[in-house]
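Converting from the sequence shown to the numbering used here requires adding 1030 to each position, the first position being numbered 1. Backbone N, C-alpha and C define an ideal beta-carbon position, used for all residues, glycine too.
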Amino acid sequence: MRNARSTALAQHAAAQPLPDPSAPLVAVYAVLARRAAAGDAAAASRLYRDVQRCAEARQQARVITAIARNVPDLAGESAAVVMRGHEAEVHMLGDMRAFVNRSAGLCSGATRVQLDSLIPVMFTAAQLGDVAAINCYAGSGFNMLHGLIDHPEWLRDMRSAPQMVEYALRQGDWVAVELMHHAYAGVFRDTAAGQAVQPDRAMDYRYLRLERLGASGEFAQKLDRMLADATATLTRQQIADGDAWANDAYTAYFGGSSSNEVANGANICGKIED
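Here is the structure:
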């Protein structure tokens, strides 16, 4: 819990307008970081989104450069290459170039230190309730979280991932439900959520049952099969408790919404656009 002084600082910071949305990251990073550290949730979310977008643009620019070096015809969208069946690759490269170009105004001049701060920036936004930051932080594989080798202290913060994801769930977020299902199922162990909880079939059943309450069509049929497998190893009391929890959570937080958005897996760190 925040003390009175830190709460007052956060309220003061939140009362100030955010910098112009078109301002480049390099110009606003310091002020947003100060405000985020003081507890300004809006500033923390803005900083996270700007840093993530620019870090993604940097990565995509590197991919484009590597392809241009190794497969110049493909990188150049050669008609001959397209004729050889590489239409999908050319389309992908076109999308990547367009994203990098759209991000140029925001990201021009951003320093390596700023872009490499994505994990702590993401963590701060997640702490302050940004659901997208929570999902990305808790659900990304460690190989996707740049800088962990140089900053092992960041791993300590990951113990709070389940509490963050539970907060996202209470905001009616289906991605959070999918993350907790995977964590308790014991898969994707190289994520913060997967490391912070131990596999537990009874707990996994709860999240599967919650997803099933919002599912329809083929996704509902898939969940029915998974639930049938799960109940084979659970007691009647565990099943009853799981059903009651799921019904309460669905009524309280999801209001009849559909869980089909995670039918093909959760979109953990979607590409951020304006």
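Simplified DSSP state of residue i, which is helix, strand or coil
| i | result |
| --- | --- |
| T1141 | coil |
| G1159 | coil |
| A1245 | coil |
| G1202 | coil |
| T1221 | strand |
| E1291 | helix |
| G1008 | Because the chain here runs from 1031 to 1304, residue 1008 falls outside it and cannot be looked at. |
| I1269 | helix |
| V1061 | helix |
| Q1082 | helix |
| T1263 | coil |
| I1298 | coil |
| A1250 | helix |
| P1049 | coil |
| S1075 | helix |
Distance between beta carbons of residue j and residue i, contact taken as under 8 Å
| i | j | result |
| --- | --- | --- |
| F1129 | A1087 | 6 Å |
| C1137 | M1152 | Incorrect: roughly 17 Å between the Cβ atoms, too far for contact. |
| I1269 | T1281 | At roughly 19 Å, the Cβ-Cβ gap does not stay under 8 Å, so I1269 and T1281 are not in contact. |
| Y1283 | L1199 | 6 Å |
| L1243 | A1274 | At roughly 12 Å, the Cβ-Cβ gap does not stay under 8 Å, so L1243 and A1274 are not in contact. |
Residue environment, residue i, which counts as buried when at least 16 other CB atoms sit within 10 Å
| i | result |
| --- | --- |
| H1121 | exposed |
| N1131 | exposed |
| A1156 | buried |
| D1220 | exposed |
| G1169 | buried |
| V1143 | exposed |
| E1208 | buried |
| A1118 | exposed |
| Q1090 | buried |
| G1069 | buried |
| T1265 | exposed |
| G1124 | exposed |
| T1263 | exposed |
Top-ranked residue by Cα proximity to residue i, from the options
| i | options | result |
| --- | --- | --- |
| R1065 | W1204, V1056, Q1046 | Q1046 |
| E1248 | S1170, N1294, C1166, C1084 | N1294 |
| Y1214 | Y1197, V1292, P1192, A1057 | P1192 |
| S1147 | E1291, R1083, G1224 | R1083 |
| D1180 | L1062, Y1197, I1149 | I1149 |
| D1230 | R1242, G1272, G1135, G1202 | G1272 |
| H1212 | R1189, E1241, A1071 | E1241 |
| T1095 | R1079, M1126, S1246 | M1126 |
| D1254 | L1238, Q1201, R1266, D1160 | L1238 |
| G1135 | S1052, A1091, G1202, W1275 | S1052 |
| V1227 | Q1251, L1257, G1286, E1196 | E1196 |
| A1279 | T1154, R1236, L1158, A1223 | R1236 |
| M1210 | R1079, F1284, A1296 | A1296 |
| S1287 | G1159, G1124, V1205 | V1205 |
| A1222 | A1274, R1200, G1171 | G1171 |
| S996 | A1232, T1154, S1246, A1068 | Given a span of 1031 to 1304 for the chain in the structure shown, any question on residue 996 remains unanswerable. |
| G1224 | M1188, N1277, D1203 | M1188 |
| D1203 | E1291, A1250, F1218 | E1291 |
Neighbourhood of residue i by C-beta distance below 6 Å, restricted to the same chain and skipping five residues each side
| i | result |
| --- | --- |
| A1073 | L1062, R1065, A1066 |
| M1031 | Note that M1031 scores a pLDDT of 40, beneath 50, so its modelled location is shaky and nothing firm can be said. |
| V1058 | P1049 |
Proximal residues to residue i (C-beta, below 7 Å), its chain only, five neighbours per side dropped
| i | result |
| --- | --- |
| L1145 | V1081, C1084, A1085, R1088 |
| L1048 | A1072, A1073, R1076 |
| R1035 | Confidence at R1035 is low in this model, with a pLDDT of 44, below 50, so the placement of that residue should be treated as unreliable; the coordinate-derived value is given next. Closer than 7 Å at Cβ, skipping near neighbours: no residue. |
| D1234 | H1211, Y1214, A1215, A1260 |
Contacting residues, own chain, Cβ-Cβ under 8 Å from residue i (five flanking each side not counted)
| i | result |
| --- | --- |
| P1054 | G1135, L1136, C1137, S1138, G1139, A1140 |
| M1194 | A1156, Q1157, I1164, Y1167, A1168 |
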